[in-house]
Structure formats: C-alpha cells, structure tokens
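First up is the structure itself, then whatever we jot down about it.
In full-length UniProt numbering, the protein residues as written are 1 to 775.
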C-alpha cells in the first residue's frame, strides 16, 4: 500500500447553508473520513487529484493514471492472467473521463488498446514462434438488460448464463476479431454510435447504464522440439459503472426512478458482494474454520453485472477499482470511499489461464451426451419417453436425475432443453476456427454499417470518431452527456431529405424514434448550397428555440440549433457557407495588408481543414438548445435584454475570456466547436457563454498541426479593421432588411418570415461585432 492520500473534510456551515451538501478535499498524508462525531482514518493504494488546473503541482493526467493502473494490468494479461479495471462513483465525478476520455484526453480503455497493439508488434518481431490473437466484445447493461453494442442483430435482451468451468458469460454475445489499433477504435466508435442512438430514443444518458468493454487476448506458442502448441488466454474487462448516487438524492420520478431503482439494486448487491468477499478474505487470513455467517454468502446473481463480475471480484482476476469522488457532494463522496475501503480488503485468486480449451471441450462433449440422454430418456439412463403424454407441454414434464456429487435433482424437460441448447451454442463457439471468427467479424461489421446507414448516420470505416463531410451540409447530434454528444453525423444530400419514424413504412432517409416523432416529421431541402427545413402540421420541430410554422420553408444557417420531438437535438453545419465567409475575410485581410504572409492557416486548403466539431462545447450546445426552447415556449425572448444588462454581460464575458486565456496558455487550449454563424450564441441571461475569440471561426477551425485558429487575424490592427468593415456590412444589411420588410407590409408570407429570421440573426452578429470593438 502506498500512503499517498487526501483528507475528506466535513462541510462547513456556509456550504451547508448554500447547497446542503459539500465536500472540501485537502492535501495530506492520510485519508480521513470525517463526521461530526470523530474522524476515521484509512489508506488506499493511490490517491489522485485532477480537479484543478493542469499546471498545478500534483495534478494527475490521464497518462499518469494509465501508467499506474493500465500498464500493470496489461503486464498481467501478457502473463496469462485475467485483468479488470472498474470505475465507481457518482455521476459527474469523472468515471467515464477516466475510462473513455474526451477528445484529445484519451482514457484508460483507449490507452490500453494503443499499448496492447504496440506490444504485440514488438513481441511478434522478437519471437515468430508466438501467435497473438485479439477479440473484442462491448456490452451495455441498462435496467438489468444486456445489450450487444457491436452486433445490430442482437437487439433484444441477451441472457446471462453460468458454466461450471467457464463461469458467468453472456449467451450469443459477439466476439469480433481485431488486428490493429485502428480497427479496435473503429469498433469502439461504432459501438458508441449504437449506444447513442438507443439512448437518445429512450431519453437516457450513459450515466444511467453500465458499459463493459472486453478484450480477449490469446497467445499461442509452438514448441519446435516437441511439435506441440501451448496456449494462454487472458480476459481484460474494462468497466464504466453507472452513477452511484441514490434515487432519493436525485429527486427522480417515473422512468428515471425505475432506472435509479435498478442501479440501486446493483449497488446494494455490489455492497453485499464486496462485504461478503471482504469478510471471507479476512476470515481466510485469520484461518478461521468456523461456519460461514448467513450474511457472508455471496449473492452475486441478484444483479446482472455483479453476476458477470463474479470472477473479477474475489475470483480469477487481477482487479483494480477506481473510486471517483467529487468535491461537490460530501455524502456521496463518503459513500464512495466506504465502498472502496471495503473493496480493497478483497483478495482474488488469480491463476494463469493455460491450455483451457482441450479439457473444456472434452467436458462439454460429455455434458452434451448426458443432457441429450436426459431429454430423450427422462432420467439420463433408459428410454422413458413413452411414459409421458405427448399432449403435456415440456414445462410440466418432470425429470429426475443423479448429479456427479450424488444428489438427485428435479427439473422440467423445458429446462433441460434450454440447458442443452445453451451448451450446444457454447460448444459451437469453442470449436470455431480463427478463419470462421474473422469471417463472422466481417459479416457483423457489414450488418452494423448497414444498420447505421439505414438510420441516416454517416459511417466511414477509414476514419475514427466524428468526421463530417468536407462539402456536404449535415446535422451533428448534441446530448447532455459528453460521451454521447457529437457522436452521430447525418448527411443532407442534394435534393430532399425526409426525417421520419424508425418503425414507419413511409420512406425516410433519417429515421428517429422516441416521443413526438411523426412518420414524416420534417423535410430538409438542399439546393445550390441553400438548405431549408419544412415541418408539416403537428410536427414538434424547433429552430433556435422557436417552434417552426407548419408548411413553410425555413432557411438554415450554419450553427442553427434544431430540436426534433422531445429528445433529438442537433446542430446544423454547412461547410460551404462557412468557407465562403472565411474567403470573404481572407480577401478583406488581403485588401488591408496587401498580402497574407501572416496567415496563421499556413496556406492550408479548405480540403485539408477538418470539418467536424470538437467535443469541448458539446454539452453547452445541448443545454443551450434545450433552455432556449423552454424559454420560447414560456413566452420569454432570451434576446430582448436592455442595454445595461448587455453591457454588464459583456464585461463578465471579457473577464471569463481573460481568465481562460491565461489557463490555456502554451497551446493546451481545447478546440472550439462554434462556427462563424454561431456568433448569435452569445449568452443572454438564459443563454450560454460564447467560446472566446473563436467566435469568428468555422465549426472546426483549429489547425491541429500548429494549434492556431485558421481565422485568427495576423495582427490586432487587421482584426480591428475587419471588425469595422464587418460592422459596416451588417449595418447596411440591417437597413436593407428593414426597407424590404416595410415594402412587403404586415401581411404574413414565407419570404417575410425568412427575412425576419435573417434580420434577427444579423442583428445578433452586429451586437457581437460591437462588443469586439469595445475590447
């Protein structure tokens, strides 16, 4: 044990008065669990702090966490041991960040996969007699139901079974072959896409479900002297648990309360399992030979995940637990620390998994023969089928047989048939050749791509993550969960794109499901780089928070926020529109300075610039879009603010920008996801903050090679001149809009409606430009 710990302090009176809950961690050499009565000390293996600035002494990076945990467990895996890392803690404490990572900050799963294939390449070069094979599975457990994220055919709830030799396993789960790191990340990305689609349709977030990413590493060595093959098989489970907060602390009701109840069921079972295993480990240390207490018996089957974790907790595995805590909630932090304190007392019994298949296949063959005999003969011996009435269903036909330990067991024929089918499937999977597994992987990959494309989601096998089309307008999803935001891209091809329900017979290029999605929900027309949206009567469709008038074409601009139904939030991106605006700025810069020697883009052509947004502001996009729509429905206009409030707001924004500029000095600043047309996203009292000076960039305007924004002016003089020029252009447009509106009169028309939207959009841009000039 390494005594490098922190102190958990009880909340102060001010914190309790303000929020009712708080915790203030401070540095120290011990961990103290403080209560109003007396502090209780305990020690963990490691203690990390990552809530402050990156340059703060003692700050723990993702790489540091991986080197302390992931690297060691990978060493064990190459030695033939099973390995497991599970992240536990309340929502928002950093579990998913530690395991999956966000953007450039790779998590343990990604870093483990990267290091795994790097080591495989080294070992293959060093010893050609060893053959390495890697298989992957990816599941999600939501409301106690298991979902296969890699195979679209496995849409239902997969069953969890247990074999005496194999232990618990998921029946019919896809185990796909991967040969490179890129293939691995592509699988993970497409699995996350499937998870996002299902979660959005059900209005859930990843914090309400568990995810289990499993790597199966097979090492086969050929001994030339004996002409025999030896084999080691290691299973690496990387688990991101659901948020550990209790239902009474979240204020949840309805479906959310059901989710919380299932999560609480898992937490209760996990607590019992950890407590029982800790007691058993301590009893083994003291060599107590008394009978087990009733509470010491492990009840792992009470929850699906604890059942699957049977080997990882107290069984055949090298396991590490990440207990993620947050300074924001004292009680939840204390609860998490108690779990971790109990878990560290568990002692696993890991062994090297060498040559398991030969013995297992032989035992399975014997088991299948016995099961077939029992099903056919009624007891495992003679033929007793004639004693049963054929009209009696198998569920009511009782069979008695003697087990290996001599006990007599009574089961129904239906149960025997189910057990026989399960064993046959298991036997078939064990007898699959590597070539058959590779062929199956290719088939599943095609099915997965087809399933995503049928929903209208863009899939590019050669690229990982969100890579939007270079020229084509598209929709990018937003979600309150950063893991699920900007995960899906829907192309808007030339002509008409119909958005409809997933289960509708009517043709639709983009298919959604969930609350208030119609069979033909809306139509998006793309003609000559002008994109319009039309919603039929009864369609719940919002653009920038306003419910659109039915049967009217509404012009979309890059950066517009679109809400379809209850749960689907998108940002519209039009790369061509952004590039045209960038070119206008470029020509303006040339006219001012005579050349572009200071162009920070380095002369990069538009084709080489990324066109998909980064994920740093994705959650803000979702929150802002939802808040904006709610305010509009309530009859409040977030844009109608008095000048004094605007001036005060701009002063606050300037302070935030100054502080953030200092924080991200040295090129560590995250990419902005705002487009040029998203200058209208300035905060109102109910809005969201603009993302610093990158308000004049496109949706992905950062050059990842040199870390500079493409549209950042080469000098302050040029920036000032550009802003003055833009202000003049916008002012002229405003006057033109007003005159055209007056000429049309007050009568309703589609053109007048579009002009009003354009005028509002332009006026917001003008406000931003004026704010830039004040600086």
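Don't be surprised by glycine CBs; every beta carbon is placed ideally from N, CA and C. In this text the structure is predicted, and so the values were computed from the model without any measurement.
For residue 140, the enclosing beta strand (DSSP E) has its first and last residue at 130-142.
Contact between the region 317-328 and the region 158-173 is absent: fewer than three C-beta pairs spanning the two stretches fall below 8 angstroms. The Cβ atoms of residue 116 and residue 74 lie closer than 9 angstroms to each other. Counted as a single uninterrupted DSSP element, the beta strand (DSSP E) harbouring residue 520 occupies residues 520-527. Taking the C-beta atoms as reference points, residue 66 is found no nearer than 9 angstroms to residue 241. Ranked by Cα distance from residue 349, the first of 278, 177, 318, 545 is 318. Where residue 72 is concerned, the enclosing alpha helix (DSSP H) starts and stops at 71-78. In the DSSP annotation of this structure, the continuous segment of the alpha helix (DSSP H) that includes residue 330 starts and ends at 330-343. Between the region 489-498 and the region 507-527, the count of C-beta pairs closer than 8 angstroms reaches three or more; the two stretches touch. Taking each of 628, 555, 532, 110 in turn and checking the Cα distance to residue 182, the smallest one comes out for 110. Pairing residue 175 with residue 137 gives a Cβ-Cβ distance under 9 angstroms.
Within its own chain, the residues whose Cβ lies closer than 6 angstroms to the Cβ of residue 497, once the five positions on either side in sequence are excluded, are 509, 524, listed in chain order. Out of 518, 212, 230, the CA that lies nearest to the CA of residue 220 is found in 230. Nearest Cα to residue 92 within the set 480, 239, 191, 132: 480. With a cut-off of 8 angstroms on Cβ pairs, the region 327-347 is in contact with the region 266-282, counting three or more such pairs. Across the set 94, 540, 526, the C-alpha of 540 shows the shortest separation from the C-alpha of residue 515. If you draw a 10 Å sphere on the C-beta of residue 558, you find 16 or more other C-beta atoms in it, and that means buried. Scanning its chain for C-beta atoms nearer than 7 angstroms, with the 5 sequence neighbours on each side dropped, one finds around residue 146 the residues 139, 157, 158, 160, 170, 304, in chain order. Within the model, the alpha-carbon separation for residue 407 versus residue 153 is close to 40 angstroms.
Going by C-alpha positions, residue 179 is about 22 angstroms away from residue 450.
Judged by DSSP secondary structure, residue 170 falls outside any alpha helix (DSSP H) and instead within the beta strand (DSSP E) spanning 167-170. Collapsing the DSSP output to three states places residue 231 in a strand. Per DSSP, the beta-bridge partners of residue 573 are 474. Judged by DSSP secondary structure, residue 109 falls within the alpha helix (DSSP H) whose first and last residues are 108-126.
Cα atoms of residue 572 and residue 499: separation of roughly 14 angstroms, rounded to the nearest angstrom.
In the three-state DSSP reduction, residue 348 falls in the coil class, being neither helix nor strand. Annotation: residue 310 is outside any beta strand (DSSP E) and is labelled neither H nor E by DSSP.
Comparing alpha-carbon positions, the option among 537, 563, 235, 314 lying closest to residue 212 turns out to be 235.
CA-CA distance, residue 172 to residue 629, rounds to 43 angstroms. Taking C-alpha positions only, residue 347 is separated from residue 44 by approximately 15 angstroms. Judged by DSSP secondary structure, residue 64 falls outside any beta strand (DSSP E) and instead within the alpha helix (DSSP H) spanning 62-65. Note: residue 213 is bridge-paired with 138, 238 in the DSSP secondary-structure output.
Distance between residue 534 and residue 582, taken at the CA atoms: about 28 angstroms.
With distances taken between CA atoms, residue 168 lies nearest to 311 out of 144, 311, 71, 243.
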